[in-house]
Amino acid sequence: MMKFVKDVFGGVVFFGLLASVLPYLTEAAIGSRCAPPIVHPDRDLAGLALLAEPALAATGAGPGRADFDTRWHDGKAELNGYRLTVERYGHPRIGRAVLIYVTEPFSRSKHVKVDDPSKNPADTFDALKLNLVRHFQTGIYDYSTMVSLFTRSSDFVPVKATFTSAEWCGQVYEELNFDGARLAERFFSYFENESSEQTLPAPADGVVEDNLFILLRGLREDFLAPGQKRSVPFLASAFYRRLTHQTLAWSTATIERLSGSEMVRVPAGTFEAWVYVVKPADGREGRFFIEREDPHRVLRWAWVPPPKAATGRPHVLGGTDSGDLTGSSRLQYWKLHDQGDEKYLEALGLQPAVM
């Protein structure tokens with residue numbers, strides 16, 4: 511297990527942090543372990559993030575910071591439902607996806623959600639978590655996959671990513687931990703010779719594919735200006751690597767924001783959207799349509815597979831997917847587990863998975 515280096519805090523910063531968070535952190539330990547800390551509009555919403563990440567405070571103080579803290583520290587999660595299409599075994603498979611965004615306290619040393627930040631505030635920072643849940647049918651059996659991505663809310667740099675996939679053949683689990691210039695992977699599979707542990711370099715400007723669902727939204731500032739393009743080290747998503755049986759490795763990609771905007775029609779409505787085009791070196795092409803108005807939701811994403819000539823093999827396994835927004839809501843979803851609470855799915859444009 512890799513050792514994570516802890517930041518060193520002076521007494522003033524430590525006790526300043528403790529004083530700023532104690533009034534409401536006790537409340538966070540009450541109720542569901544899934545719940546984020548309870549915050550209050552008249553208190554310092556950004557205190558945890560600013561004090562726990564002193565070296566990052568300046569970079570996080572750019573345009574939109576006040577709006578970010580007001581929206582993302584309200585004690586709720588943003589829930590977005592999608593009509594999902596996954597290419598698998600030579601056919602498009604229709605399913606559903608949910609993108610769940612929520613802030614929560616995270617341990618710098620343990621890389622887990624903190625139950626009680628007041629016990630060790632120097633080791634706690636504010637994270638924006640993305641849970642991406644996909645569910646789709648392949649003939650008699652179904653796939654259930656989930657990505658959990660934890661980023662520093664100050665700059666959306668990834669800290670940890672986990673992936674699970676379950677279908678009737680078996681299960682797999684992947685865990686990525688980012689530690690400065692290193693990336694540690696642990697992979698567990700029901701297939702022989704797939705399970706492994708390895709450490710890779712982590713380029714400072716590298717982009718993790720799943721983080722596109724955060725970065726391209728411009729929650730603090732635009733990822734790219736209109737018409738701008740850049741090349742980046744790129745790590746393909748665990749979902750795509752799993753379905754195509756590829757191992758973890760950095761490659762490259764170009765990310766371009768088109769100069770204009772487009773009107774996009776999805777089940778949730780018609781919206782004006784920014785358009786980002788992502789072209790990884792593996793030959794795929796992805797388009798992300800980002801809502802022009804606040805809160806800049808992902809309205810649609812769509813990946814096109816690489817041409818057969820680029821891979822040397824047919825696309826029988828598939829692995830590319832697309833999603834169209836069906837609805838959104840901000841809720842304390844961890845409290846909505848009683849009979850009848852299925853009604854809240856209507857706002858997401860979804861139905862219960864099991865009737």
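Under our numbering, the first residue of the sequence shown is numbered 511, with each subsequent residue one higher.
Each residue gets a CB set at the ideal place from its N, CA and C atoms; glycine is no exception.
Straight-line gap, residue i to residue j (C-alpha atoms, nearest Å)
i, j, result
"Val785", "Arg740", "15 Å"
"Asp831", "Arg603", "9 Å"
"Gly649", "Val682", "20 Å"
"Asp625", "Val643", "23 Å"
"Asp636", "Gly793", "36 Å"
"Gly829", "His583", "35 Å"
"Ala791", "Arg807", "26 Å"
"Val596", "Gly585", "33 Å"
"Leu858", "Glu677", "25 Å"
"Gln842", "Lys623", "17 Å"
"Phe646", "Phe701", "21 Å"
"Gly796", "Gly737", "17 Å"
"Leu758", "Arg751", "8 Å"
"Ala671", "Asn687", "7 Å"
"Glu684", "Asn641", "14 Å"
"Arg696", "Gln756", "15 Å"
"Phe798", "Pro805", "15 Å"
"Phe781", "Ser706", "44 Å"
Three-state secondary structure assigned by DSSP to residue i
i, result
"Thr754", "helix"
"Asp851", "helix"
"Tyr683", "strand"
"Ala857", "helix"
"Lys620", "coil"
"Pro815", "coil"
"Glu719", "helix"
"Gly570", "Residue placement at Gly570 cannot be trusted, given a pLDDT of 36 that sits under 50; the coordinates are not used to answer."
"Ser628", "helix"
"Asp831", "strand"
"Pro862", "coil"
"Lys845", "helix"
"Phe578", "helix"
"Leu725", "helix"
"Ala559", "Note on Ala559: pLDDT 42, under 50, position unreliable in the model; the coordinate value appears next. Note: Ala559 maps to helix in three-state DSSP."
"Asp633", "helix"
"Phe646", "strand"
Pair within 8 Å by beta-carbon distance, residue i and residue j
i, j, result
"Val787", "Arg810", "no"
"Leu835", "Ala783", "no"
"Ser617", "Thr634", "yes"
"Arg606", "Arg593", "yes"
"Leu855", "Gln861", "yes"
"Pro919", "Gly716", "This structure gives no information on residue 919, because the portion of the chain shown stretches from 511 to 865."
"Val718", "Leu745", "yes"
"Leu725", "Ile800", "no"
"Pro713", "Arg692", "no"
"Tyr653", "Ser675", "yes"
"Arg840", "Ala632", "no"
Distance between beta carbons of residue j and residue i, contact taken as under 8 Å
i, j, result
"Ile765", "Leu729", "Incorrect: roughly 17 Å between the Cβ atoms, too far for contact."
"His601", "Val669", "Not confirmed; about 37 Å, so no contact."
"Lys639", "Phe673", "About 14 Å separates the two Cβ atoms, so there is no contact after all."
"Ala763", "Lys789", "6 Å"
"Phe723", "Leu846", "With 8 Å as the limit, Phe723 and Leu846 do not qualify as a contact, their Cβ atoms being about 23 Å apart."
Burial state of residue i (16 or more Cβ within 10 Å)
i, result
"Ser761", "exposed"
"Ser663", "buried"
"Arg767", "buried"
"Val549", "Its pLDDT being 46, under 50, Val549 is placed unreliably by the model, and the measurement read from it follows with that caveat. Buried: at least 16 other Cβ atoms inside 10 Å."
"Asn590", "buried"
"Gly833", "buried"
"Thr655", "buried"
"Asp665", "exposed"
"Leu527", "In this prediction, Leu527 scores a pLDDT of 41, lower than 50, which makes its location untrustworthy; the coordinate-derived value is nonetheless stated afterwards. Buried is the call here."
"Glu803", "exposed"
"Asp720", "buried"
"Val776", "buried"
Check: residue i C-beta below 7 Å from any heavy atom of the ligand ADP
i, result
"Lys853", "In the structure shown, the ligand ADP is absent, as is every other ligand, since no ligand is present at all."
Short CB-CB distance (under 8 Å) between residue i and chain D
i, result
"Pro713", "No chain D is present in this structure, which holds just one protein chain."
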